[in-house]
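In the numbering used here, the protein residues as written are 4 to 261.
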């Protein structure tokens, strides 16, 4: 499948055809926009839009009105090929704040599932309940320096309500959690998304990130998923390219605070 076909499939299955990412979320389609509405602890935002220059500003204003009416902050997830071409500028003019640009990357699960054993003394442990979720959240806070309460809430809810759609793992060095990651499977599509891969600082550069990618690739391939999708930071993109991922486009979160 060539670049354009794969990007079109991604847009169709994961954006225009988006599904809720948790039991307390719903996906709504209105006015050329696909959005998710969840609790204040979940992810709220616009995942896809089909806008033109004439209607873009009104559509942006409508989303601001909708989410602020619910008392929710939200994100407009903008991709590099979205239209109109100045949609990012329009979002900024409406009060959104852009985050760091990332690269949407795609890899074939079968080709990524081999080799890459963890370093000596490190073992990969599946996460199936609250104790494991606490370890994932602990790694997230240490690796990214960010609050992980939303992750704890979302992962616990997903494991309880829909365990077949999420795979979470933590890398343990003795009794210390040193890296963690999760994968969200999208039934009815060929895609599985890799999220939250992070390693605490003093364990970086030892191949653990690559190990967790391979572990999730094996799990995806075993479940019949063909593609792995990643929103890659500038730090993870070179690693993923070496593993065989290819870039499709960019993605930038535009945040709006109610």
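Glycine included, every Cβ here is placed at the ideal spot set by N, Cα and C. Since the model is a prediction, treat every value here as computed from it, not as a measurement.
Neighbourhood of residue 74 by C-beta, 7 angstroms cutoff - its chain only, sequence neighbours within 5 removed: Counting only Cβ-Cβ distances below 7 angstroms, and skipping sequence neighbours, we find 261.
Residues that residue 196 bridges to, as DSSP identifies them: 187, 232
Among 110, 32, 63, the one whose alpha carbon lies nearest that of residue 19: 32
Three or more C-beta pairs below 8 angstroms linking the region 224 to 235 and the region 41 to 48: Look at the beta carbons and you see the region 224 to 235 not touching the region 41 to 48: under three pairs across the two are nearer than 8 angstroms.
Residue environment, residue 161, which counts as buried when at least 16 other CB atoms sit within 10 Å: buried
Close beta carbons around residue 71, own chain, < 6 angstroms, minus the five adjacent residues each side: Setting aside the 5 residues that flank it on each side, residue 71 is surrounded in the same chain by 261, each with a C-beta closer than 6 angstroms to its C-beta; the list follows chain order.
Proximal residues to residue 202 (C-beta, below 7 angstroms), its chain only, five neighbours per side dropped: 146, 181, 182, 211, 212
Extent of the continuous beta strand (DSSP E) run through residue 39: 36 to 40
Three CB pairs or more closer than 8 angstroms across the region 246 to 253 and the region 81 to 92: yes
Given 8 angstroms, three or more beta-carbon pairs between the region 113 to 130 and the region 186 to 201: no
Residue range of the unbroken beta strand (DSSP E) whose run includes residue 147: Segment 133 to 147 is the alpha helix (DSSP H) holding residue 147; no beta strand (DSSP E) there.
Neighbourhood of residue 98 by C-beta, 8 angstroms cutoff - its chain only, sequence neighbours within 5 removed: 67, 259
Given residue 174 as reference, the closest of 204, 121, 231, 256 once Cα atoms are compared: 121
8 angstroms CB neighbourhood of residue 157 in its chain, flanking five on each side removed: 24, 25, 44, 45, 46
Buried versus exposed call for residue 184 [16 or more other C-beta atoms within 10 Å across all chains shown]: buried
Local Cβ density within 10 Å of residue 14, reported as buried at 16 or more and exposed below that: buried
C-alpha distance - residue 194 paired with residue 131, whole-angstrom precision: 22 angstroms
First and last residue of the uninterrupted beta strand (DSSP E) at residue 129: Residue 129 -> beta strand (DSSP E) spans 125 to 129.
Expected contact under 8 angstroms - CB spacing of residue 222 and residue 170 to nearest Å: 5 angstroms
Cβ-heavy atom distance, residue 257 to the ligand ZN, below 7 angstroms: As presented, the structure is devoid of all ligands, the ligand ZN included, so that no description of it is given.
Residue range of the beta strand (DSSP E) that includes residue 249: DSSP places residue 249 in the uninterrupted beta strand (DSSP E) bounded by 249 to 259.
Per-residue burial, residue 176 [other beta carbons within 10 Å of its own, 16 or more giving buried]: buried
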